[in-house]
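Visitor:
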Amino acid sequence: MEKSKHRRQFAFILLIGMWLPCCFAQTTPSTSAAPTPTPSPSSPRPQTERLRFRLTGYPRKHNEGRIEIFYKGEWGTICDDDFSLANAHVLCRQLGFVEATGWTHSAKYGNGQGKIWLDNVQCNGGEKSIELCKSRGWGNSDCTHEEDAGVVCKDERIPGFVDSNIIDAHVTDNKVEEVRLRPVVTMTKKRMPITEGVVEVKHKDSWVQICDLGWTIKNTHVVCGMLGFPHERKVNKNFYKLYLERQRHHFHIHSVACTGTEVHLAACPLEFNKPNSTITCAGGMPAVVSCMPGPLFTQNIGIKKKLKISSNVRLKGGAKVGEGRVEVLKENEWGTVCDDRWNLQSASVVCRELGFGSAKEALTGARMGQGMGPIYMNEVKCVGQEKSIWNCTFKNITAEDCKHSEDAAVRCNVPNMGLETSIQLTGGRTQYEGRVELLTSDSNGTQRWGLICGESWTTKEAMVACRQLGLGYASQGMKETWYWDSSNVTEMVMSGVKCTGSEMSLSQCQHHKAVSCQKAAAKFAAGVICSETASDLVLNAPLVEQTVYIEDRPLHMLYCAAEEDCLSKSAAKANWPYGHRRLLRFSSQIHNIGRADFRPKAGRHSWVWHACHGHYHSMDIFTHYDLLNSNGSKVAEGHKASFCLEDTDCHEGVSKRYECANFGDQGITVGCWDLYRHDIDCQWIDITDIRAGNYILQVVINPNYEVAESDFTNNAMKCNCKYDGHRIWLHNCHIGDAFSEEAERRFEKYPGQLNNQIS
């Protein structure tokens, strides 16, 4: 009993001892005279706003630079005190790279500006965000910008990482984000895009005006650019003055002074009206702007004079209209631009040159996939007023300067066409998939949603649907959607859809005037699965030219090939096993230069085992091999069933993922290639029945568009072929879109070719 009493007393004393210091700590007043202790490292409180990161400074590559964080509406830096490789790992992953290879101190990439957001950062390297690491807290630093930290990231992107390493506009905190044109003419209100009207900016959930006193054509140029238009037009101010005098206005910005090269109105010097100001726009009226749309956007508006766009600059590999890898034409061959010093001014010149507005983003590090062939430009430096990127200063490329992993790309501002309002997906597990429904109007003008007949629906049509939805590429197009039967919409409103794949909306594709669908039940409606990224296969054309030869192969060695239908039709009439077939053989090296792995459409459960060759086929036809005459008619053909899709080899720093052995997974990783050697069965064209002459050899990858790619135009390769009856020569081998149109026309008119005989 005595022992339990002592125990209770001890427990009470212990409780008091723990409680008293806590109380005193809470009630002790702080004095201003007391020295402020150095804060012990702690994790900054996770923020509700999403942090943004960028690499900046000079000189640098796309995967290195001064690290900056966008927090509370302002870009700031990180101090190099206590910085480590573990910190760099976390930051590089947040930028979309797999890891860091190093870090820098003492403002190696130049001094930053504004806040120093973090100091004494200490990560263990595994954190998902820098805000989960220990530090002094947001904005608490004793550093100067001479101590700004930098990171060097491994030049390998995280697969599927959506955010780009954006070279951002340096815009100050002046609250101008959304800008629009409000049309006042009745006829123009219903037309898309809106090209003319009163300039309005978003302010506190309402739209306010800008005073036009001192308004210049340079201001108009900037506004048109950010709304997706390459050029501006004159406005009839007298007409607008009569109309606007009767309206009530809320002026928010008193004056604008753009130089004309800015990519956003917020980057121009702006003078805001003061809250207590009585004179807002004395003697003036709201600023009015009229813009000239590019050729892609003039269908619904009666513009007689249409702009011509550049024929020696193009965008490739983008999911949406107005984005892609920048390619330029030189001496009839297309090549890419290196991303050193690539910025928004240079990107804007490209965008306007192609009939779009100013650049929204200047992308580095082959963010729109790697090109093939030459790299023509490096360190492009545009003022922003040039009519073409070729008018900007740049350096010519030497072999050591750049690789295709540094190809520059852009995302341009494009006009709002409202196309996404007339299409929707229903029934899918995510926003990226579902049954396609279109909004149509009947003769009375009544709208209700309808379905698309799935009979002729392919990957090409699905690509257009995903583009119209703003969801990127199509990874699959479905002819049946019974597993997504969640909507009460049952009527078919479109059938016979046939797209080229480049259209902006399904309404621009060919389709039946009157709906005709054999399987008209809702479960046979068209559906899609969209994706932010896609693969892109390209054949190594020079390798075909280097490895070509003729082999006379005995029939007794061709039983397996005959079983897989790899010989011409006359082989069936041959005197087996005697005699031989003449084969045109070459190696195929197929690269994936896209942004997603190339995977067969069929799952492994439906792959077909070929016992003769001892392998699985994951695709019916992976490649077509054709020999064409001068008329473009096939005189011999071959095909390559997908023997096995695997990573034969990869670029430095990229790991193989696919290997066919032991029923392994099949595919081609981004940055890797699959090599079909010249000595593999079916890697040929049977030319036994072909006479001597001049021909065109054509190789087409993924010919039936079974698997979605970001670019189908580079899937074909062509070569000039000369055959004298004993030997064969290939020359001028190139990817289908590698040359200019003029060079392609010359290529088709093969000299000396007449009835397949050498003249």
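First residue of the sequence shown? That's 153 in the numbering used here, and the numbers climb one at a time after it.
Where is the CB? At the ideal position from N, CA and C, for every residue including glycine.
These numbers were taken from a predicted model, which means no experiment stands behind them.
Note down the Cα distance separating Tyr-701 from Val-760, rounded to an integer number of angstroms.
Guide: Mapped onto the sequence shown, residue 701 falls at position 549. Mapped onto the sequence shown, residue 760 falls at position 608. Take the alpha-carbon of Tyr-701 and the one of Val-760: they are about 31 Å apart.
Visitor: Between Trp-290, Glu-251, Asp-717 and Gly-790, which has its C-alpha nearest Lys-280's C-alpha?
Guide: The count along the sequence shown starts at 1 and reaches residue 280 at position 128. Out of Trp-290, Glu-251, Asp-717 and Gly-790, Glu-251 has the C-alpha closest to the C-alpha of Lys-280.
Visitor: In whole angstroms, give me the CA-to-CA distance for Leu-735 and Glu-558.
Guide: For the purposes of this step, residue 735 is taken as the residue at position 583 of the sequence shown. For the purposes of this step, residue 558 is taken as the residue at position 406 of the sequence shown. Spanning the two alpha carbons is a distance of roughly 40 Å.
Visitor: What first and last residue would you give for the alpha helix (DSSP H) that runs through Cys-618?
Guide: Against the sequence shown, residue 618 aligns to sequence position 466. It spans 611 to 621 - the alpha helix (DSSP H) in which Cys-618 sits, taken as one unbroken run.
Visitor: Check whether the stretch 510 to 520 and the stretch 470 to 489 touch, using three or more Cβ-Cβ pairs below 8 Å as the test.
Guide: yes
Visitor: Identify, in the order they occur along the chain, each residue of the same chain with its Cβ nearer than 7 Å to the Cβ of Ala-321, setting aside the five sequence neighbours on each side.
Guide: On the sequence shown, position 169 is the one that residue 321 refers to. Reliability of the predicted coordinates at Ala-321 is poor, the pLDDT of 43 falling under 50, and no value is obtained from them.
Visitor: Can you list, in chain order, the residues of its chain with a C-beta nearer than 7 Å to that of His-402? Leave out the 5 residues immediately preceding and following it.
Guide: Locating residue 402 in the sequence shown gives position 250, where the first residue counts as 1. Excluding residues within five positions, the ones whose Cβ falls inside 7 Å are Val-360 and Gln-361.
Visitor: For Gly-877, count the other beta carbons within 10 Å of its own beta carbon; 16 or more makes it buried, fewer makes it exposed. Which is it?
Guide: On the sequence shown, position 725 is the one that residue 877 refers to. Gly-877 should be labelled exposed.
Visitor: When you compare each of Asn-872, Tyr-528, Phe-508 and Gly-209 to Lys-460 by their alpha carbons, which one comes out closest?
Guide: One-based indexing of the sequence shown puts residue 460 at position 308. Of the listed residues, the one whose Cα sits closest to Lys-460 is Phe-508.
Visitor: With distance defined between alpha-carbon atoms, name the residue in Asp-491, Gly-579, Asn-565 and Cys-244 nearest to Lys-547.
Guide: Reading the sequence shown from its first residue, position 395 is the one you call residue 547. Checked all of Asp-491, Gly-579, Asn-565 and Cys-244; the closest Cα to Lys-547 is Asp-491.
Visitor: Only counting runs of 4 or more residues, tell me where the alpha helix (DSSP H) segments fall wholly within the stretch 483 to 525, in order along the chain.
Guide: 496 to 505
Visitor: Determine, using beta-carbon pairs with one atom in the stretch 800 to 815 and one in the stretch 838 to 845, whether at least three such pairs fall under 8 Å.
Guide: Of all C-beta pairs linking the stretch 800 to 815 to the stretch 838 to 845, fewer than three are shorter than 8 Å, placing the two stretches out of contact.
Visitor: For Ser-683, does the three-state DSSP call read helix, strand or coil?
Guide: Along the sequence shown, read from residue 1 onward, the residue named residue 683 stands at position 531. Here Ser-683 carries a strand assignment [DSSP, helix/strand/coil].
Visitor: Restricting to Cα atoms, I'd like to know which of Ser-807, Ile-837, Cys-796 and Phe-864 is closest to Lys-721.
Guide: One-based indexing of the sequence shown puts residue 721 at position 569. Taking only the C-alpha atoms, the option nearest Lys-721 is Ile-837.
Visitor: Tell me the rounded alpha-carbon separation between Trp-486 and Thr-229.
Guide: As a first step, residue 486 must be located in the sequence shown, where it is residue number 334. As a first step, residue 229 must be located in the sequence shown, where it is residue number 77. Looking at the two C-alpha atoms, the distance is approximately 39 Å.
Visitor: Any chance you could list the beta strand (DSSP E) runs of at least 3 consecutive residues sitting entirely within the stretch 397 to 473, in chain order?
Guide: 403 to 408, 422 to 424, 440 to 444 and 465 to 468
Visitor: I believe Thr-821 touches Asn-744 by the beta-carbon criterion, under 8 Å. Please report the beta-carbon distance rounded to the nearest angstrom.
Guide: Position 669 of the sequence shown, counted from the start, is the residue given in the question as residue 821. Position 592 of the sequence shown, counted from the start, is the residue given in the question as residue 744. Contact holds; Cβ gap of about 7 Å.
Visitor: Looking only at its chain, what residues have a beta carbon closer than 6 Å to the beta carbon of Trp-367, apart from the 5 residues adjacent to it on each side?
Guide: Working through the sequence shown from its first residue, we reach residue 367 at position 215. Here the set comprises Ala-439.
Visitor: Whose C-beta lies closer than 7 Å to the C-beta of Leu-396 among residues of the same chain, with five residues either side of it excluded?
Guide: For the purposes of this step, residue 396 is taken as residue 244 along the sequence shown, with counting starting at 1. Hits under 7 Å: Met-437 and Pro-438.
Visitor: Starting from Lys-533, trace the beta strand (DSSP E) in both directions and tell me its first and last residue.
Guide: Numbered from 1 along the sequence shown, position 381 holds the residue referred to as residue 533. Its beta strand (DSSP E) spans residues 527 to 533.
Visitor: Near Ser-258, what residues of its chain come up, given a Cβ to Cβ distance below 7 Å and the 5 sequence neighbours on each side ignored?
Guide: The sequence position of residue 258 within the sequence shown is 106, counting from 1. Taken in chain order, the residues that qualify are Asp-232, Glu-298 and Glu-299.
Visitor: Is the stretch 613 to 622 close to the stretch 651 to 661, with three or more CB pairs under 8 Å?
Guide: yes
Visitor: Which residue's Cα is closest to the Cα of Cys-712: Pro-729, Glu-703 and Glu-697?
Guide: Here residue 712 refers to the residue found at position 560 when the sequence shown is read from its first residue. Considering only alpha carbons, the answer is Pro-729.
Visitor: Find the nearest neighbour of Cys-244 within the set Ile-221, Gly-264, Glu-226 and Gln-265, judged by alpha-carbon distance.
Guide: As a working mapping, residue 244 is identified with position 92 in the sequence shown. Closest by alpha carbon: Ile-221.
Visitor: Give the range of the beta strand (DSSP E) segment to which Tyr-875 is assigned.
Guide: For the purposes of this step, residue 875 is identified with residue 723 of the sequence shown, where counting begins at 1. It spans 868 to 875 - the beta strand (DSSP E) in which Tyr-875 sits, taken as one unbroken run.
Visitor: By DSSP, does Arg-245 sit in helix, in strand, or in coil?
Guide: Reading the sequence shown from its first residue, position 93 is the one you call residue 245. Here Arg-245 sits in helix by DSSP.
Visitor: Is it true that the CB of Ser-683 sits closer than 8 Å to the CB of Ser-770?
Guide: Taking the first residue of the sequence shown as 1, we reach residue 770 at position 618. Taking the first residue of the sequence shown as 1, we reach residue 683 at position 531. It is not a contact, given that the beta carbons lie outside the stated cut-off.
Visitor: Relative to the alpha-carbon of Pro-345, which residue among Asn-530, Leu-379 and Glu-896 has its alpha-carbon at the smallest distance?
Guide: Reading the sequence shown from its first residue, position 193 is the one you call residue 345. That would be Leu-379, whose Cα lies nearest to the Cα of Pro-345.
Visitor: Please state whether DSSP places Leu-719 in a helix, a strand or coil.
Guide: In the sequence shown, the residue the question calls residue 719 occupies position 567. Reduced to three states, the DSSP call for Leu-719 is coil.
Visitor: Only counting runs of 3 or more residues, tell me where the beta strand (DSSP E) segments fall wholly within the stretch 824 to 902, in order along the chain.
Guide: 824 to 828, 836 to 838, 845 to 853, 868 to 875 and 880 to 887
Visitor: Starting from the N-terminal side, write out each stretch of the alpha helix (DSSP H) that is 4 residues or longer and does not extend beyond the stretch 707 to 751.
Guide: Runs of the alpha helix (DSSP H) lying entirely within the stretch 707 to 751 and spanning at least 4 residues, in chain order: 711 to 715.
Visitor: If you draw a straight line from the C-alpha of Cys-796 to the C-alpha of Ile-369, how long is it?
Guide: Residue numbering aside, residue 796 sits at position 644 when the sequence shown is read from its first letter. Residue numbering aside, residue 369 sits at position 217 when the sequence shown is read from its first letter. Looking at the two C-alpha atoms, the distance is approximately 60 Å.
Visitor: Can you give the Cα-Cα distance for Ile-405 and Thr-372, rounded to whole angstroms?
Guide: As a working mapping, residue 405 is identified with position 253 in the sequence shown. As a working mapping, residue 372 is identified with position 220 in the sequence shown. If I take the Cα positions, the gap works out to 15 Å.
Visitor: When DSSP labels each residue in this structure, what does Asn-543 get in the three-state scheme?
Guide: Residue mapping note: residue 543 aligns to position 391 of the sequence shown, counting from 1. Three-state result, Asn-543: helix.
Visitor: List the endpoints of the continuous alpha helix (DSSP H) containing Gly-380.
Guide: As a first step, residue 380 must be located in the sequence shown, where it is residue number 228. Where Gly-380 is concerned, there is no enclosing alpha helix (DSSP H), because DSSP gives it neither an H nor an E.
Visitor: Using CA atoms only, rank isn't needed, just tell me which of Gln-583, Tyr-625 and Met-630 is closest to Gly-606.
Guide: As a position in the sequence shown, residue 606 is number 454, starting the count at 1. Answer by Cα proximity: Met-630.
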